[in-house]
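In our numbering, the protein residues as written are 10 to 242.
We put the beta carbon where it would ideally sit given N, CA and C, even for glycine.
In this text the structure is predicted, and so the values were computed from the model without any measurement.
Structural data, given as structure tokens:
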């Protein structure tokens, strides 16, 4: 009887050992697969940023307010090298220089008010009525570009309506879109998601957002961001 009990105990121990080994081996396999998946994911991101380059274009929409006591202290403009520039215009110039991109300013057929309140009222009316403003500038060789940086200020928790006109006008299929924006605290809000919905056949990166109070000192951060996504020339 005792011999039988001992035999059963030994078999039980062997069975447990085999089970534990199989469990450990299974977990190790899963871990290895997870590691491979992460590596492939990293390679894919790297490959995407490399393939995104091609011919580069920086499109920006910027409306610096003209009222105020001092151009350098305006909420939507800065002075860089003695030149008054819109916040978004300045960030676009940094990106253009650092990446060797062509710069293109998006302009509308109508002129927006220069006063802060006037601009707020005009842009709110456009949003409420879903207006697509007529564009005064057009890109003749748009098909030549593979990657398009698109910059704009955050107006009323969205991109300005002229950007809707812009995305309606051009076919971004197969291109990479890299958004950037200046804002008063709301970052992109829902703009990146909107762009992805409008341009389903394009690759749309998360982009870069900078608060208007820090635009003047944002260049190092912009360069770090461009380096991170593999876009520095």
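- In this structure, DSSP gives residue 99 a helical state, which the three-state scheme calls helix.
- DSSP links residue 114 through a beta bridge to 69.
- Exclusion of the five residues before and after residue 131 leaves 121 and 122 as the residues of its chain whose Cβ lies within less than 7 Å of its Cβ.
- Shown here for residue 235: same chain residues with a beta carbon closer than 8 Å to its own, the five before and five after excluded, namely 104, 107, 108 and 241 in chain order.
- Taken through DSSP and simplified to helix, strand or coil, residue 188 comes out as strand.
- For residue 212, the beta-bridge partners assigned by DSSP are 185.
- Under the three-state reduction of DSSP, residue 227 is assigned to coil, being neither helix nor strand.
- With respect to the 8 Å criterion, residue 212 and residue 186 are classified as neighbours on the basis of their beta carbons.
- Where residue 122 is concerned, there is no enclosing beta strand (DSSP E), because DSSP gives it neither an H nor an E.
- Counting along the chain, residue 217 sits inside the beta strand (DSSP E) bounded by residues 217-220.
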